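Under the UniProt record's numbering, think of the first position of the sequence shown as 1, with each following residue one higher.
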Amino acid sequence: MKTLTDHSKSLVCEQKWVYVLLMGTAGMMGAYTFTLRGGVFCNAQTANFVMMAVAFGQKQWLSGCYYLIPVFAYFSGAFLSEILPSPVKRLKFLRWDTYLIGLEILVLLAAGLIPLSWPDHIVQVMINFIASMQYNTFRQTKGIPMATTFCTNHLRQIGIALAKLIQKKDRTMIHREIVHAEMLLSFVAGGILLTAVCPIMKEKAVWLALLPLLIIFIRMVRADLTTEHDLLDAKPSGH
Numbered sequence: 001m002k003t004l005t006d007h008s009k010s011l012v013c014e015q016k017w018v019y020v021l022l023m024g025t026a027g028m029m030g031a032y033t034f035t036l037r038g039g040v041f042c043n044a045q046t047a048n049f050v051m052m053a054v055a056f057g058q059k060q061w062l063s064g065c066y067y068l069i070p071v072f073a074y075f076s077g078a079f080l081s082e083i084l085p086s087p088v089k090r091l092k093f094l095r096w097d098t099y100l101i102g103l104e105i106l107v108l109l110a111a112g113l114i115p116l117s118w119p120d121h122i123v124q125v126m127i128n129f130i131a132s133m134q135y136n137t138f139r140q141t142k143g144i145p146m147a148t149t150f151c152t153n154h155l156r157q158i159g160i161a162l163a164k165l166i167q168k169k170d171r172t173m174i175h176r177e178i179v180h181a182e183m184l185l186s187f188v189a190g191g192i193l194l195t196a197v198c199p200i201m202k203e204k205a206v207w208l209a210l211l212p213l214l215i216i217f218i219r220m221v222r223a224d225l226t227t228e229h230d231l232l233d234a235k236p237s238g239h
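Structure follows, in structure tokens:
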């Protein structure tokens, strides 16, 4: 299996600009579900486990069991995103990463067609699923571990890098701090933009997230069919 050991020759799916756009998209998805789809944040699952524990602690058994639905959707996304790359490679057409971005586009397009009068849980589960797949698929950019659907890891990494910079005078940490800060800013910017258009576009506001995803998709398809076609078997860093 081919691999890329030189970070200067990273695959398109590993480049920083892709992660910046994915973080912006994640900020949009989070703002969308919180603002219009039930006041929840579907990009991660800690809150669902907390709410499930609280419900069970209050003996609200049925309410607590509901949270197993988004948890299972997130679990399924991680499971499938780990299983599917192998059969996709055998097609020798596009990389799994590219197919995933295409799937995200379709799911968000469908989410924008679901009226706000429908149960919020439908869209919440849809976004739980694709957020999990994205988180598990896009793991690292040029040697720097990433989380593309939430901010906790980036904030943690900035703190670690600052500590190493102060204690060990490791100036390479400055670059890491900048990269993680860029991810946080992109996430916040995406959330601000999506929230601003929610009153205007209503349920279709999530379509704003299609713009960065389309940019990524087009660039990755082009690479898969041309410059990186002989690297379809190459594993992105972090896998």
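Yeah, the Cβ is synthetic: ideal placement off N, Cα and C, and Gly gets one too.
Keep in mind that this is a model prediction, so the values were computed, not measured.
Short check: CB of residue 184 to CB of residue 229, under 8 Å?
-> Numbered from its first residue, the sequence shown carries residue 184 at position 184. Numbered from its first residue, the sequence shown carries residue 229 at position 229. No. Outside cutoff.
7 Å CB neighbourhood of residue 34 in its chain, flanking five on each side removed | Taking the sequence shown and counting its residues from 1, the one referred to as residue 34 is at position 34. Once the five neighbours on either side are set aside, the close Cβ partners of residue 34 are 40, 41.
From 159, 151, 123, 149, residue whose alpha carbon lies closest to that of residue 38 = If you number the sequence shown from 1, residue 38 lands on position 38. Answer by Cα proximity: 123.
Status (buried if at least 16 other CB within 10 Å, exposed otherwise) for residue 199 | What you label residue 199 is simply residue 199 of the sequence shown in a count that begins at 1. Exposed, because fewer than 16 other Cβ atoms sit within 10 Å of the Cβ of residue 199.
Should the stretch 100-118 be regarded as contacting the stretch 48-68, the criterion being three or more beta carbon pairs within less than 8 Å?
-> no
Three or more beta-carbon pairs under 8 Å between the stretch 214-221 and the stretch 92-106, yes or no?
-> They touch, by the three-pair rule.
Cβ-Cβ separation, residue 214 to residue 28 (assumed contact under 8 Å), whole Å | For the purposes of this step, residue 28 is taken as residue 28 along the sequence shown, with counting starting at 1. For the purposes of this step, residue 214 is taken as residue 214 along the sequence shown, with counting starting at 1. Not really, about 13 Å apart at Cβ, beyond 8 Å.
Does the separation of the CB atoms of residue 77 and residue 132 fall below 8 Å?
-> As a position in the sequence shown, residue 77 is number 77, starting the count at 1. As a position in the sequence shown, residue 132 is number 132, starting the count at 1. A contact, by the Cβ cut-off of 8 Å.
Roughly how many angstroms lie between the CA atoms of residue 56 and residue 120, to the nearest whole one?
-> Here residue 56 refers to the residue found at position 56 of the sequence shown. Here residue 120 refers to the residue found at position 120 of the sequence shown. Taking the straight line joining both Cα atoms gives about 22 Å.
Terminal residues of the continuous alpha helix (DSSP H) containing residue 81?
-> Here residue 81 corresponds to residue number 81 of the sequence shown, with the count starting at 1. Residue 81 -> alpha helix (DSSP H) spans 68-83.
Roughly how many angstroms separate the alpha carbons of residue 217 and residue 126, rounded to a whole number?
-> As a working mapping, residue 217 is identified with position 217 in the sequence shown. As a working mapping, residue 126 is identified with position 126 in the sequence shown. Rounded to the nearest angstrom, the two C-alpha atoms are 20 Å apart.
DSSP state of residue 148, grouped into three classes?
-> Residue numbering aside, residue 148 sits at position 148 when the sequence shown is read from its first letter. Per DSSP, reduced to three states, the secondary structure at residue 148 is coil, with no helix or strand assignment.
Looking only at DSSP bridge pairs, what is residue 241 linked to?
-> The chain is shown from 1 up to 239; residue 241 falls before or after that span and cannot be answered.
Assign residue 25 to buried or exposed, taking buried as 16 or more other Cβ atoms, counted over all protein chains shown, within 10 Å of its Cβ.
-> For the purposes of this step, residue 25 is taken as residue 25 along the sequence shown, with counting starting at 1. Buried, since its Cβ has 16 or more Cβ neighbours within 10 Å.
Buried or exposed: where does residue 148 fall if 16 or more other Cβ atoms within 10 Å of its Cβ makes it buried?
-> Here residue 148 refers to the residue found at position 148 when the sequence shown is read from its first residue. Buried is the call here.
Going by Cα to Cα distance, which pick from 68, 69, 151, 186 is closest to residue 18?
-> For the purposes of this step, residue 18 is taken as the residue at position 18 of the sequence shown. With distances taken between Cα atoms, residue 18 lies closest to 186.
Is residue 239 near residue 139, with beta carbons less than 8 Å apart?
-> Locating residue 239 in the sequence shown gives position 239, where the first residue counts as 1. Locating residue 139 in the sequence shown gives position 139, where the first residue counts as 1. Contact check for residue 239 against residue 139 passes: the beta carbons are separated by less than 8 Å.
C-alpha distance - residue 112 paired with residue 105, whole-angstrom precision = For the purposes of this step, residue 112 is taken as the residue at position 112 of the sequence shown. For the purposes of this step, residue 105 is taken as the residue at position 105 of the sequence shown. One C-alpha to the other measures close to 11 Å.
Which of helix, strand or coil does DSSP assign to residue 169?
-> To locate residue 169, count along the sequence shown from 1; it is residue 169. Here residue 169 sits in coil by DSSP.
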